[in-house]
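>
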């Protein structure tokens, strides 16, 4: 995230920022069985069409079958910042409760 320091820096060696790493969990593993599965996972590639994403979000919001959107972005997880339509589409999704 651009808002946080990296967990580690990789080069010839790996330098961890240990103060950012959470301690190991204690106790028994709890498995959560009640999960909302109304999500859409999309892998975006260079040249994708924003219109398709907008229609999918609108249809999911109207039918109540979509509560979350997971974007798999390209490269190191960077979103195309020059695509104003994508940013507007995500803003609309947020306003629809997604």
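In this note's numbering, the protein residues as written are 1275 to 1372. Using N, Cα and C, we set each Cβ at its ideal position, and we do this for glycine too.
1) What does a CB cutoff of less than 8 Å around residue 1367 pick up in its chain, not counting 5 residues either side in sequence?
2) Buried or exposed, going by whether 16 or more other CB atoms sit within 10 Å of the CB of residue 1327?
3) Using 8 Å as the cut-off, can you tell me whether the stretch 1281 to 1290 makes contact with the stretch 1313 to 1322, which would need three or more C-beta pairs spanning the two stretches below that distance?
4) Quick one: grab the DSSP three-state call for residue 1308.
5) Which residues bound the alpha helix (DSSP H) around residue 1428?
6) Could you give the first and the last residue of the continuous beta strand (DSSP E) run that contains residue 1315?
7) Taking 8 Å as the threshold (C-beta atoms), are residue 1314 and residue 1278 in contact?
Reading from the atomic positions:
1) Locating residue 1367 in the chain shown gives position 93, where the first residue counts as 1. So the list reads 1331, 1335, 1343, once near-sequence residues are dropped.
2) Your numbering for residue 1327 matches position 53 in the chain shown. Looking at its Cβ environment, which holds 16 or more other Cβ atoms inside 10 Å, residue 1327 is buried.
3) Judged by Cβ distances under 8 Å, the stretch 1281 to 1290 makes no contact with the stretch 1313 to 1322, as fewer than three pairs qualify.
4) Indexing the chain shown from 1 puts residue 1308 at position 34. Annotated three-state conformation of residue 1308 is coil, per DSSP.
5) One cannot answer for residue 1428 here, as it falls past the ends of the chain, which runs 1275 to 1372.
6) As a working note, residue 1315 is residue 41 in the chain shown. Judged by DSSP secondary structure, residue 1315 falls within the beta strand (DSSP E) whose first and last residues are 1313 to 1317.
7) Indexing the chain shown from 1 puts residue 1278 at position 4. Indexing the chain shown from 1 puts residue 1314 at position 40. With respect to residue 1314, residue 1278 sits apart: the two C-beta atoms are not nearer than 8 Å.
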